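Participant: Here it is, the structure in full.
Protein chains in written order, with the numbering used here: chain L, -11 to 710; chain C, 7 to 171.
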């Protein structure tokens, strides 16, 4: 990889390609103001990534997009005349602790203490363009980029210090944020060197960064840099913000997805003192001096919607199969399935299904919007500040320079906050009221009007020899996505395909995307094949693995779990392994089941994870453990219920989330590979749990469950031997 | 109906002019600018809105403000005393018991309520008491550890048999 940051957009990030939530009446005057003359051909200003990707697809027929990202040093790192180091990145902090890990990277290269580095994140007026915080890209791409910028800044500052002293730069070094000469007889502060300078430089292409083996700040368990603000309640999330004269907004929601507005009566709301009602096409919203009044006004509006009949859970998987396209992703077949089947002693064909699940970030979508002389500023919790800026510019027909999006450290996202609906709605209310407006979605709105992890159907046909060698592997994924659809197993004959389909619900990115679905189907199928040839689950996998790193995580998990020890009475155990986004995971699980009720209990989980060189062991441990915990929901019970465009279990009293009492004993094994560059870790650790638990349930009960969630009501159907 | 109501929040006597049925959560956040207390679900199922009322945890999103008049309300902002953090706050940092931090205020408040009535809770008692609080980032094991550190039943950050190879 050169200096340019490369960005790959995965196919199943559906929400990035869907149309805007609103398209308000075009304001001709606004357009003419922005347009300086000549002939205008108006092209809808759609999302930049979608447009680039679309072009790529049109040109190559393949769904991959690349973008060049500017790498001017001034835009990335700024040392001001007081010696403060500011780092500018378009990335967003949502709990993955990149504010800390990026601070570590910069402090290391600049040779300064952590506390003088300030990271300015996700402000479209201040930070360089960034496509978004997703795909576990910050650590492998942003961190090295900032390291280069910091290293170049250090060399530039050293040259300036050397000039002041009239000595060779090679004799000057930085120690603890001070420049010292060869015998440390003279010293200068950062401020003394930076004072009076006006210098902009571009990062030289050959700038050297600290080798992993010489890391002293990265690679250590630095605490969350602004942790104190969170435990004291001082941190201001978007939903906590207040602006002078700010109003509180509410939006009147349709009765169901696809519903059209038939009639409305807003008189009741307009009669409430202080309330402003805003109508624009299908959009009806209110703004009021306080939250309670806004809620009252929203309820006072009588609306009649008409929604078409739409499929529900019962028809879901048939619909996904029926509406499937020819293959869109996957890849060229390898070898020959026919030959592979001929070589096999046994064949197995099975179908697996995956439910829609919700991200349910604890901070729902929130935005504060204000207009000042035609310029729109929006604070909002999103993973794509620049994407949301485009959405706002498009919705209001204004140039992107007239829009500023700022993202305070946000109350999580997990792939669920890529879109700007709430920002647009707040901005629409603010435009008509002439005052700043805050809009915070309710939990119910978050369930009904955000988007879900795609549901899917996966069919696998395979052949295996009695010695455990898998000879044929045919894999078709309908709708859930192509992430990790390819396997690291060494199968000689493969045909792996992803098929788009028509989703009855709005779907999009979720932590790890379809890697969870594809690992679930693959790793449960592997368990079934091992059962077919009566082999130990670890030995069977090892027989089909050549990849050393995959082998290492699998063996590490098996060892830590005590796989070769005798099973405990009344316990079942299962294992799964895989690879995605540059990192490797193996997960082993132990379950018990209450005989009388059939209630499943996850007793113990071992996850071993390897993502190259570890940047911050404590935060990595936290990420891996958190992914395991979040995975429990999707594995065992999370499941969106819907009918006719309505989410039937869209609130916390109806949607079961993992809680303290669901926690198994969790053992995390981190493999540190200082010889390999660091990959991201926010997503991949989530993929191994569901298959490991499914396999453990089979081990105990001989009941094979091929659908996620495995135990929707907490209960496994009792098998013949239970 | 709007009425002036007397509140005692973080040892300060305050007067607010508000509808008596307004949930305490919005009085704290919108009227008193105490935004450390969070909205999560609006139906007392996630604990993000937890506050202490006379030392006992309550869900402010479903508590009408009228019900807590004259009682001692403590929010996360009231846990720090003279610039010194509460032992639970220290312990949460020490155990790295947060990721996005949105649930953290409610977790610390709920834990404080537990330690008020049971200063040395067992692990089972911690799990049982905290089960009504949701951390979507999945830091539950670390939160249990933090509570044990604050209670003095665990001296150190749990190794939880983590190994690096």
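Ideal placement from N, C-alpha and C gives every residue a C-beta, glycine not left out.
Fair warning: this is a prediction, and the values are worked out from it, not measured in the lab.
Can you give me, in chain order, the residues of the stretch 109 to 122 of chain C that have a beta carbon less than 8 Å from any beta carbon in chain L?
Facilitator: 109, 110, 111 and 114
Participant: Could you tell me the boundaries of the alpha helix (DSSP H) in which residue 604/L lies?
Facilitator: In the first chain, residue 604/L corresponds to position 616, counting from 1. Segment: none, residue 604/L is in no alpha helix (DSSP H) and carries neither H nor E.
Participant: How long is the line joining the alpha carbons of residue 108/L and residue 141/L, rounded to whole angstroms?
Facilitator: Numbered from 1 along the first chain, position 120 holds the residue referred to as residue 108/L. Numbered from 1 along the first chain, position 153 holds the residue referred to as residue 141/L. The straight-line gap from Cα to Cα measures roughly 17 Å.
Participant: Do you know offhand how far residue 577/L's Cα is from residue 155/C's?
Facilitator: One-based indexing of the first chain puts residue 577/L at position 589. One-based indexing of the second chain puts residue 155/C at position 149. The alpha-carbon atoms of residue 577/L and residue 155/C are separated by roughly 28 Å.
Participant: In the DSSP assignment, find the unbroken beta strand (DSSP E) run with residue 76/L in it and report its ends.
Facilitator: Here residue 76/L corresponds to residue number 88 of the first chain, with the count starting at 1. Run containing residue 76/L: 73 to 77, per the beta strand (DSSP E) assignment.
Participant: In whole angstroms, what is the alpha-carbon distance linking residue 545/L and residue 536/L?
Facilitator: Counting from one through the first chain, the residue named residue 545/L turns up at place 557. Counting from one through the first chain, the residue named residue 536/L turns up at place 548. If I take the Cα positions, the gap works out to 14 Å.
Participant: Is residue 167/C close to chain L, meaning its C-beta is less than 9 Å from at least one C-beta of that chain?
Facilitator: As a first step, residue 167/C must be located in the second chain, where it is residue number 161. Its pLDDT being 46, under 50, residue 167/C is placed unreliably by the model, and the measurement read from it follows with that caveat. Closer than 9 Å to some Cβ of chain L, the Cβ of residue 167/C qualifies, so yes.
Participant: Helix, strand or coil for residue 210/L, going by three-state DSSP, please let me know.
Facilitator: Working through the first chain from its first residue, we reach residue 210/L at position 222. Here residue 210/L sits in coil by DSSP.
Participant: Taking the CB atoms as reference points, tell me whether residue 598/L and residue 659/L lie closer together than 9 Å.
Facilitator: Here residue 598/L is taken as the residue at index 610 of the first chain, counted from 1. Here residue 659/L is taken as the residue at index 671 of the first chain, counted from 1. Yes, the Cβ-Cβ distance between residue 598/L and residue 659/L is below 9 Å.
Participant: Which residues in the same chain have their Cβ closer than 6 Å to the Cβ of residue 2/L, if we skip the five residues on either side of it in sequence?
Facilitator: As a working mapping, residue 2/L is identified with position 14 in the first chain. Correct list, in chain order: 495 and 496.
Participant: Less than 9 Å between CB atoms is the rule here; does residue 616/L satisfy it with respect to chain C?
Facilitator: Residue 616/L sits at position 628 when you count from the first residue of the first chain. For residue 616/L, the answer is yes, since a Cβ of chain C falls inside 9 Å of its Cβ.
Participant: From the beta carbon of residue 280/L, is the nearest beta carbon of chain C less than 9 Å away?
Facilitator: For the purposes of this step, residue 280/L is identified with residue 292 of the first chain, where counting begins at 1. Yes, residue 280/L lies at the interface with chain C (some Cβ there is under 9 Å from its Cβ).
Participant: Any C-beta of chain C within less than 9 Å: which residues of the stretch 397 to 429 of chain L qualify?
Facilitator: 397, 398, 399, 400, 401, 402 and 428
Participant: Which value, in whole angstroms, describes the spacing of the CA atoms of residue 4/L and residue 326/L?
Facilitator: Locating residue 4/L in the first chain gives position 16, counting from the first residue. Locating residue 326/L in the first chain gives position 338, counting from the first residue. Linking residue 4/L to residue 326/L through their CA atoms gives a straight-line distance of about 38 Å.
Participant: For residue 321/L and residue 80/L, I'd like the C-alpha separation in whole angstroms.
Facilitator: Counting from 1 along the first chain, the entry for residue 321/L is found at position 333. Counting from 1 along the first chain, the entry for residue 80/L is found at position 92. Computed Cα separation, rounded: 38 Å.
Participant: DSSP has residue 565/L in a bridge; who is on the other side?
Facilitator: The residue you call residue 565/L lines up with position 577 of the first chain. 574/L, per the DSSP bridge assignment.
Participant: Cα separation between residue 393/L and residue 353/L?
Facilitator: As a position in the first chain, residue 393/L is number 405, starting the count at 1. As a position in the first chain, residue 353/L is number 365, starting the count at 1. Each residue's Cα considered, the two are about 14 Å apart.
Participant: Anything in chain C within Cβ reach of residue 85/L, meaning under 8 Å, just list it in chain order.
Facilitator: By 1-based counting over the first chain, the position of residue 85/L is 97. Under the 8 Å cutoff, chain C gives 105.
Participant: Decide yes or no for the touch test of the stretch 120 to 138 of chain L against the stretch 565 to 581 of chain L: beta carbon pairs closer than 8 Å, at least 3 of them.
Facilitator: Output reads yes: the stretch 565 to 581 of chain L touches the stretch 120 to 138 of chain L.
Participant: Leaving out five residues before and five after residue 462/L in sequence, what residues of the same chain have Cβ atoms less than 6 Å from its Cβ?
Facilitator: In the first chain, residue 462/L corresponds to position 474, counting from 1. 325, 449 and 483.
Participant: With DSSP as the reference, please indicate the residues paired to residue 23/C in a beta bridge.
Facilitator: As a first step, residue 23/C must be located in the second chain, where it is residue number 17. Answer is 10/C.
Participant: Report the neighbours of residue 54/C on chain L: residues whose CB is nearer than 8 Å to its CB, in chain order.
Facilitator: Position 48 of the second chain, counted from the start, is the residue given in the question as residue 54/C. Here the neighbours are 350.
Participant: Could you pull the start and end residues of the beta strand (DSSP E) that residue 205/L belongs to?
Facilitator: Taking the first residue of the first chain as position 1, residue 205/L is located at position 217. From DSSP, residue 205/L is part of no beta strand (DSSP E); its letter is neither H nor E.
Participant: Are the C-beta atoms of residue 154/C and some chain L residue less than 9 Å apart?
Facilitator: Numbered from its first residue, the second chain carries residue 154/C at position 148. For residue 154/C, the answer is no, since every Cβ of chain L falls outside 9 Å of its Cβ.
Participant: Check the Cβ-Cβ distances between residue 241/L and every residue of chain C, and say whether any is below 9 Å.
Facilitator: Within the first chain, residue 241/L is the residue found at index 253, counting from 1. Cβ-Cβ to chain C under 9 Å: no for residue 241/L.
Participant: Express the C-alpha separation of residue 410/L and residue 380/L in angstroms, rounding to a whole number.
Facilitator: For this step, residue 380/L is matched to residue 392 along the first chain. For this step, residue 410/L is matched to residue 422 along the first chain. Their Cα atoms are separated by approximately 10 Å.
Participant: Report, in whole angstroms, the separation of the C-beta atoms of residue 601/L and residue 664/L, which I expect to be a contact under 8 Å.
Facilitator: Sequence index remark: in the first chain, residue 601/L carries index 613 (1-based). Sequence index remark: in the first chain, residue 664/L carries index 676 (1-based). Right, their Cβ atoms sit about 6 Å apart.
Participant: Taking a contact to mean a Cβ-Cβ separation below 9 Å, would you say residue 150/C touches residue 163/C in this structure?
Facilitator: Counting from 1 along the second chain, the entry for residue 150/C is found at position 144. Counting from 1 along the second chain, the entry for residue 163/C is found at position 157. Against a cut-off of 9 Å, the Cβ pair of residue 163/C and residue 150/C comes out as no contact.
Participant: Report yes or no: is there a C-beta of chain L within less than 9 Å of the C-beta of residue 85/C?
Facilitator: In the second chain, the residue the question calls residue 85/C occupies position 79. Chain L, which has a Cβ nearer than 9 Å to the Cβ of residue 85/C, makes this yes.
Participant: Just to make sure I have the definition right: I need the residues of chain L whose C-beta is within less than 7 Å of the C-beta of residue 147/C. Which are they?
Facilitator: Taking the second chain and counting its residues from 1, one reaches residue 147/C at position 141. Result: 613, 651 and 654.
Participant: Pull up the CB-CB distance for residue 560/L and residue 684/L, whole angstroms please, since I reckon it's below 8 Å.
Facilitator: For this step, residue 560/L is matched to residue 572 along the first chain. For this step, residue 684/L is matched to residue 696 along the first chain. Confirmed, Cβ separation roughly 4 Å.
Participant: Would you say residue 645/L faces chain C, with C-beta separation under 9 Å as the test?
Facilitator: Position 657 of the first chain, counted from the start, is the residue given in the question as residue 645/L. Yes, because at least one Cβ of chain C sits closer than 9 Å to the Cβ of residue 645/L.
Participant: List the whole-angstrom C-beta distance separating residue 338/L from residue 516/L, where the pair is believed to meet the contact cut-off of C-beta under 8 Å.
Facilitator: Within the first chain, the letter at position 350 stands for residue 338/L. Within the first chain, the letter at position 528 stands for residue 516/L. Between residue 338/L and residue 516/L the beta-carbon gap is near 7 Å, inside 8 Å, which marks them as a contact.
Participant: Would the stretch 234 to 245 of chain L count as touching the stretch 112 to 126 of chain C if we require 3 or more Cβ pairs under 8 Å?
Facilitator: Too few Cβ pairs lie closer than 8 Å, so no.
Participant: Going along the chain, which residues of its own chain have a beta-carbon closer than 6 Å to the beta-carbon of residue 451/L, five neighbours each way excluded?
Facilitator: As a first step, residue 451/L is located in the first chain; it is residue number 463 there, counting from the start. Excluding residues within five positions, the ones whose Cβ falls inside 6 Å are 328, 329, 332, 335, 459 and 460.
Participant: Listing by chain order, which chain L residues have their CB less than 9 Å from the CB of residue 88/C?
Facilitator: Within the second chain, residue 88/C is the residue found at index 82, counting from 1. Near residue 88/C there are no residues of chain L at all, since even the closest Cβ is about 13 Å away, more than 9 Å.
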